[in-house]
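In case it helps, my numbering puts the sequence shown at residues 1 to 540.
C-beta atoms are modelled at their ideal positions from N, C-alpha and C, and glycine is treated no differently.
The next block holds one structure in the form of C-alpha cells; read it before the comments.
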Amino acid sequence: MSTKEYDGIIVGGGHNGITLGAYAARAGLKVAVFERRHEEGSAIYTSECTAPGFLHNLHAQFMEFMDWMPFYQDFELEKLGARFLYPKAQAGITFSDGRPPIVLYNTEHLDLSHKSISVYSKQDADTYVDLRQKALDSEDAFSMMMYSPPVQPDDEDPDPGNTSALAYMEILGLPRHYAKGSARSLIDHLFETPELRALLYRMSVEWGCPLEMMSFGTVALLAVFFISVNWKLMIGGTHNLAHAMVMAGVREGMEFYESSEVKNILVKNGRAVGVRLADGTEVRASKFVASNADLQQTLLGMVGEENLSPLWGKRARDFKCGPSCVLASTGLALHEAPAYKSARHNPDINRTFYTVVGFDTPAEVLEYCRDAEVGRIPGIPGAGTWVNSLWDPTYAPPGKHSLCGWFFFPKASTHTRAEWEEVRATYNDRFLERFRRWAPNMTPDNVIAKYFYTPLDQHEEMRMVEGDFMNGAMRPDQGGHFRPFPEASNYRTEIPNLYLCGPYMHPGGGANAGPGYCAFKVVAEDLGLEPFWETNERGY
Ligand SMILES: Cc1cc2nc3c(=O)[nH]c(=O)nc-3n(C[C@H](O)[C@H](O)[C@H](O)COP(=O)(O)OP(=O)(O)OC[C@H]3O[C@@H](n4cnc5c(N)ncnc54)[C@H](O)[C@@H]3O)c2cc1C
Numbered sequence: 001m002s003t004k005e006y007d008g009i010i011v012g013g014g015h016n017g018i019t020l021g022a023y024a025a026r027a028g029l030k031v032a033v034f035e036r037r038h039e040e041g042s043a044i045y046t047s048e049c050t051a052p053g054f055l056h057n058l059h060a061q062f063m064e065f066m067d068w069m070p071f072y073q074d075f076e077l078e079k080l081g082a083r084f085l086y087p088k089a090q091a092g093i094t095f096s097d098g099r100p101p102i103v104l105y106n107t108e109h110l111d112l113s114h115k116s117i118s119v120y121s122k123q124d125a126d127t128y129v130d131l132r133q134k135a136l137d138s139e140d141a142f143s144m145m146m147y148s149p150p151v152q153p154d155d156e157d158p159d160p161g162n163t164s165a166l167a168y169m170e171i172l173g174l175p176r177h178y179a180k181g182s183a184r185s186l187i188d189h190l191f192e193t194p195e196l197r198a199l200l201y202r203m204s205v206e207w208g209c210p211l212e213m214m215s216f217g218t219v220a221l222l223a224v225f226f227i228s229v230n231w232k233l234m235i236g237g238t239h240n241l242a243h244a245m246v247m248a249g250v251r252e253g254m255e256f257y258e259s260s261e262v263k264n265i266l267v268k269n270g271r272a273v274g275v276r277l278a279d280g281t282e283v284r285a286s287k288f289v290a291s292n293a294d295l296q297q298t299l300l301g302m303v304g305e306e307n308l309s310p311l312w313g314k315r316a317r318d319f320k321c322g323p324s325c326v327l328a329s330t331g332l333a334l335h336e337a338p339a340y341k342s343a344r345h346n347p348d349i350n351r352t353f354y355t356v357v358g359f360d361t362p363a364e365v366l367e368y369c370r371d372a373e374v375g376r377i378p379g380i381p382g383a384g385t386w387v388n389s390l391w392d393p394t395y396a397p398p399g400k401h402s403l404c405g406w407f408f409f410p411k412a413s414t415h416t417r418a419e420w421e422e423v424r425a426t427y428n429d430r431f432l433e434r435f436r437r438w439a440p441n442m443t444p445d446n447v448i449a450k451y452f453y454t455p456l457d458q459h460e461e462m463r464m465v466e467g468d469f470m471n472g473a474m475r476p477d478q479g480g481h482f483r484p485f486p487e488a489s490n491y492r493t494e495i496p497n498l499y500l501c502g503p504y505m506h507p508g509g510g511a512n513a514g515p516g517y518c519a520f521k522v523v524a525e526d527l528g529l530e531p532f533w534e535t536n537e538r539g540y
C-alpha cells in the first residue's frame, strides 16, 4: 500500500466498519478500512471447520434484521450474492420423553404457532399470537429505534430509555411495570406452559438477555416478540453477507485492506489525524477516524490514556463484557439430520430452523444459565441447534447434513487455555450423549466429524472481548443513551474527528449494521453532507 491520505479511515472491517465505509464512500469521501484479520466481516462468518464441503455458521446464524437493514436495500446486496431464505418452522423445543414439541412458525403461519402451543394451553397460544401480532404491527417503531442514534436526555425527557421502554409496553398492551421485571418473571407471568417457558427462556438468552436480572423486561420482550422467529438463513453461508457488503463498498470507491492491524490512532493537537499500522506505516485522515474495534482497545490501547481525560479513561475501563451473554459453538458433520422422538406429534420439529434440545423443563434452562453466569461449564449440555442443509443444499455434500449449535457458556477469562482445550476435547461428546435421548439417531456412527469453538477462540480470533457476542453486556446502564457510556453515546468521542462505530454502540450487537449506519449519520451531520440516505418510505 502506498502512503496515502484519506478523508476517512475506519479501524476494523467488521460489518459495522464496512457499513460506515460504504456509506461514506457513496457520499463521495475517500475512505479506507483497515482490518487485522485475513478476511472481512468478523462474526459474519462461515467455516468449513468439520470436514470438506460442510459449512458451519459458527458465529452469526440468524439474519433477523434483513428486512429493516438500510445497507441491504440501499446497496442492493441481493444482486451481490447476499440472498436469504425464511424457513417456515422457525423455533422449536423437543423433549426426551417424546412429548409434543412446541414449534413457532414464521410470520405467514401464526395460525400454526397457535395450533402448536394449543396442544398444551389455548390461553398461552392466544397470548403468544396476540403479542407477536402486536409486535409485527409496530415493526416500524422498532426499526426506527434500531437505525436512529439513541435519543439523548434533555429537560423535557430526562430518561428517554425509560420512555421508549414504556412505549413498548403500551404497544404490547402490557402493564408498565413489566419493563422493569426480569425476563424470567415476565415469561412466567405471561405463560403457564412449562414447555413454552423453557423455549422462551432460551430465546431471551439468545439475545443476550440474562434471565434473572431485574430491569430486562423490555429487552426480553424485544427478543422474544420482535426479533425471534424473524430469522432468515443466508444462502451459501453467513459469510456471503459480509462479502457482499465489502463488494458494495468497493464498488462505491471504498478501499478495504485485510491483514492490516491498526496499532495506534494518531492524535495531534488534540484531534484524530490518522492511524499507525502494526508494520509502522502511518496513514492520514483529514476528516475523520472511526473505530469498529472493541471499545477498550480503541480508547485505552490505540488512543492511549495519555490522550484521554480521566473520566473517559475510567469509563472505558469500567465497560463490561459478558458474562450473561457468552456463547460456545459446536459444528457437526452428519450423515442424517436429527430425527426427534417428539416428531411423532408434529413432524415439523425435524425441519425447524432453530431447535432447542437437551432441556425438558424451564428449571433445566435456568440451572444451565446460572452455571454459565457464575463461571461454571454448564452441567446440562443442552443447545440451540440448526441444520442449514435442510433448506440450502450448499451447506453439505449431497445427502449429508451440517449441524451447528450454541451453548450458553461462561466468559473466556473464567477458564485457563488448558481448561478450554479440555472442554473442546470433551463437551461435544457429552452433548451427543444427551442429544441421543432426544433424537436416537444421533449415534457416534452418524457423526462424520465434529468441531468445538470456545469463548476463548472468539476472544482471540475475532477480538470479541470475553467471547461476548453482544460486544458489551446489554445491561440497563450500557443500553440506549448509556451505551457504551453516557458521554460517548452519540458516536462522537471527546477527541474531535474520532468516532465509534462498533457494536458496543447503540443499538448493540447483532448482524444489524445499526451502529455503523448510525455512526455514519453522525459523521455526515458533522461534515454537513446532504442526507441522501434518508427516504420518505423508511423514515430513518
Ligand atoms: C457465537 C456468536 C453467534 C452470533 N450469532 C448471531 C446471530 O445469529 N444473529 C445476529 O444478528 N448476530 C449474531 N451474533 C452477533 C454478531 O455477529 C456481532 O454482534 C456482530 O457481528 C458484531 O459486529 P461487528 O462485525 O461490527 O463488530 P466486531 O465483531 O467487534 O468486529 C470488529 C472488527 O474489528 C477488527 N479489529 C479488531 N482490532 C483491530 C485492530 N487493531 N486493527 C484492525 N482491525 C481490528 C476485528 O478483527 C473485527 O473484524 C453472534 C456472535 C457470536 C460471537
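Are the beta-carbon atoms belonging to Phe65 and Val205 less than 9 Å from one another? no
Every unbroken alpha helix (DSSP H) within the segment 391-477, with a cutoff of 4 residues, ordered by chain: 417-438 and 455-461
Taking a contact to mean a Cβ-Cβ separation below 9 Å, would you say Cys501 touches Gly17 in this structure? yes
Out of Gly14, Val31, His15 and Gly12, which one is the CA nearest neighbour of Lys287? Val31
Between the Cα of Glu537 and the Cα atoms of Trp68, Val151 and Asp294, which residue gives the shortest distance? Trp68
Among residues of its own chain, excluding the 5 on either side of Gln458, which ones have a beta-carbon nearer than 6 Å to its beta-carbon? Met464 and Gly467
If you drop the 5 nearest sequence neighbours on each side, which residues of the same chain put their C-beta closer than 6 Å to that of Val326? Phe409, Lys411, Pro455, Gly467 and Asp468
Taking three-plus beta-carbon pairs below 8 Å as touching, is the segment 326-346 in contact with the segment 427-441? yes
Would you say Met203 and Gly181 are within 9 Å of each other, going by their C-beta atoms? no
Whose CA, out of Gly173, Ala60 and Gly528, lies closest to the CA of Thr127? Gly173
Would you identify the three-state DSSP class for Thr238, choosing helix, strand or coil? coil
Can you tell me where the beta strand (DSSP E) with Val374 in it begins and where it stops? Segment: none, Val374 is in no beta strand (DSSP E) and carries neither H nor E.
Count the other C-beta atoms from every protein chain shown that fall within 10 angstroms of the C-beta of Thr394, then say buried if there are 16 or more, exposed otherwise. exposed
Is it the case that the Cβ atoms of Met302 and Val11 are separated by a distance below 9 Å? yes
Looking only at its own chain, which residues have a Cβ that is under 6 Å from the Cβ of Thr414, when we skip the five neighbours before and after it? Gly375
Under three-state DSSP, which class holds Val229? DSSP places Val229 in coil when its eight states are reduced to three.
Kindly give me the distance between the Cβ atoms of Lys263 and Ala285, rounded to whole angstroms, as I take these residues to be in contact under 8 Å. Going by Cβ atoms, the distance from Lys263 to Ala285 rounds to 15 Å, so no, they are not a contact pair.
Is the Cβ-Cβ distance between Gly379 and Gly405 less than 9 Å? no
Going by C-alpha to C-alpha distance, which of Arg132, Val387, Asp188 and Ala372 sits closest to Ile227? For the options Arg132, Val387, Asp188 and Ala372, the alpha carbon positioned closest to that of Ile227 is the one of Arg132.
Lys115 (DSSP reduced to helix, strand or coil): Of the three classes helix, strand and coil, the one that applies to Lys115 here is helix, per DSSP.
When the Cα atoms are used, what is the spatial distance from Tyr453 to Asp157? 44 Å
Spatial neighbours of Gln123 within its chain, please: CB distance less than 8 Å, with the 5 preceding and 5 following residues excluded, ordered by chain position. Glu192
Could you tell me the distance, in whole angstroms, from the CA atom of His506 to the CA atom of Gly14? 16 Å
Comparing C-alpha positions only, which one of Ile187, Ala293 and Val273 sits nearest to Pro210? Ile187
Hey, Lys232 and Met470 are a contact pair by Cβ (cut 8 Å); roughly how many whole angstroms apart? In fact, because the Cβ distance is near 20 Å, the residues do not count as touching under 8 Å.
With respect to 8 Å, is the separation between the Cβ of Gly502 and the closest non-hydrogen atom of ligand 1 below this value? Checking the Cβ of Gly502 against ligand 1 gives yes.
Using only the heavy atoms of ligand 1, determine whether one of them is closer than 8 Å to the beta carbon of Pro507. no
Arg37 to Ser113, Cα distance in whole Å? 42 Å
Under the assumption that Tyr201 contacts Val357 (Cβ atoms under 8 Å), give the Cβ distance between them as a whole number of angstroms. Not quite, the Cβ-Cβ distance comes to about 14 Å (not below 8 Å), so this is no contact.
Out of curiosity, what's the CA-to-CA distance linking Leu196 and Val387? 22 Å
At a cut-off of 8 Å, would you count Gly467 as near ligand 1, judging by its Cβ distance to the nearest heavy atom? yes
Glu543 versus His401: straight-line alpha-carbon distance, rounded: Residue 543 lies beyond the residue range present for the chain, which begins at 1 and ends at 540; the question has no answer from this structure.
Can you check which of these residues, Val523, Pro323 and Asp429, is closest to Gly472 by C-alpha distance? Out of Val523, Pro323 and Asp429, Pro323 has the C-alpha closest to the C-alpha of Gly472.
Drop a sphere of 10 angstroms on the beta-carbon of His177, count the other beta-carbons inside from all chains shown, and report buried for 16 or more, exposed for fewer. exposed
Whole runs of the beta strand (DSSP E) within the segment 472-507, excluding any shorter than 3 residues: 498-500
Please work out which residues of its chain come closer than 6 Å, Cβ to Cβ, to Met116, disregarding the five sequence neighbours upstream and downstream, and give them in chain order. Looking at the sequence shown, residue 116 is not Met but Ser. Closer than 6 Å at Cβ, skipping near neighbours: Ile102 and Val103.
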